[in-house]
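Heads up: the sequence lines are chains A and B, in that order. Take 1 as the starting number for the first sequence in my numbering and just add one per residue. Take 378 as the starting number for the second sequence in my numbering and just add one per residue. Cβ atoms here follow ideal geometry from the backbone N, Cα and C, with glycine treated the same way. Here's the structure we're looking at; comments come further down.
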Amino acid sequence: MIYLDNAATTKVLSEACEAAAYAMQSVWGNPSSLHRMGIEAERLVTYAKKQLLSALGDTSGDIIFTSGATEGNNTAVFGLCKVYGKRKKRVVTTSVEHPSVAQPFQRLKDLGYEVVTVSPDKNGEITADSLISAVDDNTCLISAMLCNNETGYILPISEAFAEIKRQHPDCMTHCDCVQGFEKLTVSAKKLSADVITLSGHKIYAPKGIGAMYVKKGVRLSPVFFGGGQQKNLRSGTEAVPLIYSFGKAVEILTPTLKQRFDNAAKICEYAKAKLNEIGAVVISKDSASPYILSIAVPNIKSETILHFLEEDEIYVSSGSACSKGKKSAVLKEFKISDQLLDSVIRLSFSFETQTSDIDALVDKLGIGIKTLAKIKR
Amino acid sequence: MKQIILCKYGEIVLKGLNRSGFEAELLKNVRRRLKSLGEFKVSSIQSTMYVEPLSDNIDLDEVTERLKKVYGITKICPAFACEKNLDAIYSTIKENLSDDLNSAKTFRVTAKRSDKRFPMTSMEVMAELGGMILNDFPHLNVDVKNPELTVICEIRDKAAYVHGPAIEGAGGMPVGTSGRALLMLSGGIDSPVAGTMIAKRGVIISAIHFQSPPYTSERAFIKVCRLAAKMTEYCGQVTLFSVPFTKIQEAIRDNCPEELFTIIMRRLMVEISQRIAEKYDFSALITGESIGQVASQTMSAIVATDAVSRIPVFRPCIGLDKQEIIDISYKIGTFDISIEPYEDCCTVFTPKHPKTKPTLAEVEAAQNAFDFEPLIQEAVDGTEFKTFKPYVDYDFLI
Numbered sequence: 001m002i003y004l005d006n007a008a009t010t011k012v013l014s015e016a017c018e019a020a021a022y023a024m025q026s027v028w029g030n031p032s033s034l035h036r037m038g039i040e041a042e043r044l045v046t047y048a049k050k051q052l053l054s055a056l057g058d059t060s061g062d063i064i065f066t067s068g069a070t071e072g073n074n075t076a077v078f079g080l081c082k083v084y085g086k087r088k089k090r091v092v093t094t095s096v097e098h099p100s101v102a103q104p105f106q107r108l109k110d111l112g113y114e115v116v117t118v119s120p121d122k123n124g125e126i127t128a129d130s131l132i133s134a135v136d137d138n139t140c141l142i143s144a145m146l147c148n149n150e151t152g153y154i155l156p157i158s159e160a161f162a163e164i165k166r167q168h169p170d171c172m173t174h175c176d177c178v179q180g181f182e183k184l185t186v187s188a189k190k191l192s193a194d195v196i197t198l199s200g201h202k203i204y205a206p207k208g209i210g211a212m213y214v215k216k217g218v219r220l221s222p223v224f225f226g227g228g229q230q231k232n233l234r235s236g237t238e239a240v241p242l243i244y245s246f247g248k249a250v251e252i253l254t255p256t257l258k259q260r261f262d263n264a265a266k267i268c269e270y271a272k273a274k275l276n277e278i279g280a281v282v283i284s285k286d287s288a289s290p291y292i293l294s295i296a297v298p299n300i301k302s303e304t305i306l307h308f309l310e311e312d313e314i315y316v317s318s319g320s321a322c323s324k325g326k327k328s329a330v331l332k333e334f335k336i337s338d339q340l341l342d343s344v345i346r347l348s349f350s351f352e353t354q355t356s357d358i359d360a361l362v363d364k365l366g367i368g369i370k371t372l373a374k375i376k377r
Numbered sequence: 378m379k380q381i382i383l384c385k386y387g388e389i390v391l392k393g394l395n396r397s398g399f400e401a402e403l404l405k406n407v408r409r410r411l412k413s414l415g416e417f418k419v420s421s422i423q424s425t426m427y428v429e430p431l432s433d434n435i436d437l438d439e440v441t442e443r444l445k446k447v448y449g450i451t452k453i454c455p456a457f458a459c460e461k462n463l464d465a466i467y468s469t470i471k472e473n474l475s476d477d478l479n480s481a482k483t484f485r486v487t488a489k490r491s492d493k494r495f496p497m498t499s500m501e502v503m504a505e506l507g508g509m510i511l512n513d514f515p516h517l518n519v520d521v522k523n524p525e526l527t528v529i530c531e532i533r534d535k536a537a538y539v540h541g542p543a544i545e546g547a548g549g550m551p552v553g554t555s556g557r558a559l560l561m562l563s564g565g566i567d568s569p570v571a572g573t574m575i576a577k578r579g580v581i582i583s584a585i586h587f588q589s590p591p592y593t594s595e596r597a598f599i600k601v602c603r604l605a606a607k608m609t610e611y612c613g614q615v616t617l618f619s620v621p622f623t624k625i626q627e628a629i630r631d632n633c634p635e636e637l638f639t640i641i642m643r644r645l646m647v648e649i650s651q652r653i654a655e656k657y658d659f660s661a662l663i664t665g666e667s668i669g670q671v672a673s674q675t676m677s678a679i680v681a682t683d684a685v686s687r688i689p690v691f692r693p694c695i696g697l698d699k700q701e702i703i704d705i706s707y708k709i710g711t712f713d714i715s716i717e718p719y720e721d722c723c724t725v726f727t728p729k730h731p732k733t734k735p736t737l738a739e740v741e742a743a744q745n746a747f748d749f750e751p752l753i754q755e756a757v758d759g760t761e762f763k764t765f766k767p768y769v770d771y772d773f774l775i
């Protein structure tokens with residue numbers, strides 16, 4: 001099996017599995033219990049918090065665990081608007097966000113907010129200036145992702161948010177770092193982000209766990225109401241096994257960030273060269289995250305290629321996995337020509353990806369280009 | 378380009394011949410707080426402390442954050458060092474402050490020349506630099522009264538230093554220059570504030586806490602440990618004494634009138650605290666009391682409690698409103714920990730109707746009805762302690 005769909009989800013690290021099992025069978029108390037079993041369970045949650053905060057480089061901030069990035073993004077957007085958007089009903093985002101940010105903004109529009117959406121320019125770039133100039137004194141929130149999930153495009157968040165904070169200190173900044181965390185350098189301070197969304201299953205931890213980083217002093221309004229756990233920001237008993245497992249994955253990954261990045265860069269360059277040879281078109285920009293490589297195979301539908309590769313147990317994605325074959329509006333935003341739009345597939349790498357995996361992919365794809373293109377569309 | 382942090386002293390510059398002792402204590406405190414961030418050269422010349430990072434990749438923002446919590450420093454200036462000539466100074470300004478200059482509309486230059494050998498006067502330096510800045514940043518206007526940005530240039534002994542507006546420091550006196558005191562730390566909002574206020578005057582703080590299991594929980598004790606650990610950011614190393622108090626509380630319950638429970642308990646706490654103070658060489662006690670806040674802190678209650686003390690009891694919160702105390706506790710970062718809802722020793726066996734105006738005579742009579750002495754001695758003997766150091770990541774303490 002060759003799995004090149006790591007931006008969709010990843011295989012859980014064995015240490016992270018063991019951590020979850022340990023929490024389920026040995027430390028299974030409720031962190032809110034007053035007795036020692038509760039304290040022991042809380043200790044695991046605290047451990048995970050510390051791992052995440054130190055990976056983000058700001059131990060003064062706070063971590064709120066969520067069920068995943070969708071919950072994190074929803075809580076961030078609505079939670080910040082509820083507190084800071086009482087008098088300032090204007091919000092800014094980009095047109096290339098994941099649906100878990102784009103849809104909450106759609107909802108904000110229905111609630112009467114003025115939603116300003118920044119799109120890539122004719123070259124498919126989102127400049128810092130375009131983000132900065134979209135924010136005005138009446139804006140309560142800007143939300144933009146660090147790394148696009150479909151193309152690996154890296155947005156100039158640090159540059160933009162720093163200047164936005166300088167010009168409009170009251171404007172809140174939210175960054176969806178799901179595809180950036182533990183892959184690119186994600187420093188909460190350098191990003192000037194008030195809230196950051198993270199997800200476990202994109203970084204070799206289980207599904208069902210995510211987190212929000214909240215900068216010290218930033219207030220959020222809860223979306224869930226109940227027992228008041230996690231400083232009343234996310235009621236509901238903490239998912240200790242998943243949280244502990246998430247923390248373990250972060251502890252293991254953080255020290256090897258650079259090494260893994262270099263490896264991904266090598267694989268990505270190798271794949272680009274090989275794919276060029278067989279006539280595939282590289283869509284991702286040179287500056288994109290090396291973990292995600294978006295390509296197009298002219299005249300063959302994405303889904304056809306996907307299933308063709310699947311015959312040899314090579315797994316890739318057409319656009320983004322969340323959109324389940326829907327034509328990608330985001331790729332269109334990146335100014336991919338209509339001709340190629342139907343033929344885009346996304347390769348995404350893990351630290352286990354080897355050049356031999358790329359060779360197998362390219363061999364199979366080469367055959368596909370010769371045989372499938374004949375199919376009339 | 379060398380980055381360096383200049384720290385200005387507060388009132389210790391007014392000290393006389395013993396001033397060097399105060400300075401030495403301050404430098405020692407700074408070295409200890411920064412130790413875990415990397416290597417630094419910390420030195421003091423002309424009433425200014427120079428904090429110079431020696432290793433690479435030091436997080437200077439974190440250094441500044443830590444320095445902001447060191448008592449004895451009034452101003453912190455993250456600066457850039459350069460050669461002592463106008464061109465070098467200007468190019469340093471341009472290189473490092475151009476973002477600020479670009480976003481400001483008005484500015485002024487302030488120059489200080491403590492090296493009188495420098496050929497230009499401060500006024501001349503200001504005029505020259507101001508002119509050079511205006512030349513390159515034509516959108517700026519000079520405003521000497523109320524500028525958006527002040528560019529400061531200090532021409533000192535070894536080099537010239539350029540920086541923006543100074544950051545407010547914690548003020549006060551270096552911890553370690555005014556003796557040692559023992560803080561009665563309950564776990565509430567007031568006591569960490571009281572301890573930190575006294576530390577600000579240079580006093581080394583240790584804390585004492587009373588535990589009454591099973592009436593109080595392990596979580597209550599962990600909470601107090603976290604408070605003590607948090608306090609170290611301002612107070613430096615804090616030793617926490619924990620006194621086994623269950624038997625005494627049960628004896629009060631069984632032998633004293635209910636309306637005097639709290640007042641007698643506090644008298645016994647003060648008694649035990651001063652025995653610990655005598656044993657470990659503390660000269661005073663500190664409490665977080667504020668007049669009239671609760672029944673045990675009315676004037677008559679304080680008179681009755683104070684009657685047992687043989688050493689001074691400092692009560693720095695005595696004249697503060699609750700909100701003022703809360704504001705300080707936010708600032709020192711203990712508020713979030715203090716409000717965690719665990720039963721502490723003060724709330725065990727709280728009388729329904731505590732006496733707000735007890736007379737000393739009736740309290741003494743009630744207490745003397747039972748011989749507490751053996752239990753007091755047992756509590757003192759059973760007291761344990763642990764020490765917390767600043768910026769150490771203790772297990773469970775976040």
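Fully enclosed alpha helix (DSSP H) runs of no fewer than 4 residues occupy 302 to 310, 329 to 333 and 338 to 341 of the segment 295 to 370 of chain A, in order along the chain. The beta carbon of B/E595 falls within 8 Å of a beta carbon belonging to chain A, placing the residue at that interface.
Annotation: A/H307 to A/M1 spans about 14 Å, alpha carbon to alpha carbon. Nearest C-alpha to A/T75 among A/A21, A/C175, A/A296 and A/R36: A/C175. Taking all protein chains in view, the Cβ of A/K122 is surrounded by fewer than 16 other Cβ atoms within 10 Å, so the residue is classified as exposed. Taking a Cβ-Cβ cut-off of 9 Å, the neighbours of B/D438 in chain A comprise K189, given in sequence order. Judged by DSSP in its simplified three-state form, A/G112 adopts coil rather than helix or strand. Pairing A/S356 with A/E150 gives a Cβ-Cβ distance that is not under 8 Å. Positions of the alpha helix (DSSP H) runs, each at least 4 residues long and wholly inside the segment 459 to 501 of chain B, are given as 463 to 480 in order along the chain.
The beta carbon of B/S660 sits closer than 7 Å to those of G556, R557, A558 and I688, all from its chain and outside the five residues before and after it, given in chain order. Per DSSP, A/L141 lies in no alpha helix (DSSP H); the unbroken beta strand (DSSP E) holding it starts and ends at T139 to M145. Taking C-beta separations shorter than 8 Å and ignoring five residues to either side along the sequence, the partners of B/P524 in its chain run A481, T483, F484 and R485, following chain order. In chain order, I39 make up the part of chain A whose C-beta sits under 8 Å from the C-beta of B/I599. Identification of residues in the segment 10 to 34 of chain A having a C-beta nearer than 9 Å to some C-beta of chain B yields L34, given in sequence order. Ranked by Cα distance from B/P621, the first of B/E717, B/K461, B/D567 and B/D758 is B/D758. For A/P206, there is no enclosing alpha helix (DSSP H), as DSSP marks it with neither H nor E.
Within chain B, the C-beta atoms nearer than 7 Å to that of A/R166 come from S480, in chain order. Close partners of A/R36 in chain B (Cβ separation under 8 Å): E595. Under DSSP, the beta-bridge partners assigned to B/N518 are B/T483. A residue is called buried once 16 or more other Cβ atoms fall within 10 Å of its Cβ, and A/K258, having fewer, is exposed. Taking A/S245 as reference, the option from A/G217, A/E71, A/A211 and A/I142 with the minimal CA-CA separation is A/A211. Between the C-alpha atoms of A/G366 and A/V178 there is a straight-line separation of about 32 Å. Distances from the alpha-carbon of A/E159 to those of A/R166, A/T139, A/A128 and A/V186 put A/A128 closest.
When DSSP states are grouped into helix, strand and coil, A/Y47 belongs to the helix group. The beta-bridge partner set that DSSP reports for A/V214 consists of A/D62 and A/V195.
Distance between A/S287 and A/Y153, taken at the CA atoms: about 7 Å. A straight line joining the alpha-carbon of A/L347 with that of A/G38 spans about 43 Å. Using a 10 angstroms sphere on the CB of B/S706, the tally of other CB atoms reaches 16 or more, which defines it as buried. In this structure the segment 610 to 627 of chain B touches the segment 573 to 582 of chain B; the number of beta carbon pairs closer than 8 Å is three or more. Within the segment 548 to 585 of chain B, the complete alpha helix (DSSP H) runs of at least 4 residues fall at 567 to 576.
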